[in-house]
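Residue -11 is where the sequence shown starts when you use my numbering, and the numbers rise one by one after that. Where is the CB? At the ideal position from N, CA and C, for every residue including glycine.
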Amino acid sequence: SPNAASPAAPAPAPTTTATRSAPTPRSSVTGSAVFPRAVNPKYVSESAGKGRMHTCLDQYNANKATAGGANNGGMKWIEKGGGYYSVCNKGLKI
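Structure (structure tokens):
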């Protein structure tokens, strides 16, 4: 019985570690991306989540319009492993 319980507990830990290490390379790509520092005042009346989303979307579109989108760090708005929205949203939550 103790042998059956022991292998079951360590198995989820490596899975979680592998999942968390996957987005790490994406952060190196974000070096050239431009993100807003705070939620835009025109979105203060919206919920916190919508305000962050609209602020990030405004910046993403502004970046896309300048320098051929180079200021988005090569990221799409949403992509597997974390796109522009994911990184921007995390930065505004802090």
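Suppose contacts are defined by Cβ-Cβ distances below 9 Å. Is residue i in contact with residue j by that definition?
i: N49; j: G39; result: no
i: A26; j: T43; result: yes
i: V75; j: A21; result: yes
i: Y72; j: G56; result: no
Does residue i come out as helix, strand or coil in the three-state DSSP assignment?
i: S16; result: A caution first: S16 carries a pLDDT of 38, below 50, which makes its placement in the model too unreliable to give a value.
i: K81; result: helix
i: A28; result: Note on residue identity: the sequence assigns Asn, not Ala, to residue 28. Looking at N28 - three-state DSSP - the assignment turns out to be coil, as it is neither helix nor strand.
i: G39; result: helix
i: V75; result: helix
If you count every other CB in all the chains shown that lies within 10 Å of the CB of residue i, and 16 or more means buried, which is it?
i: G70; result: buried
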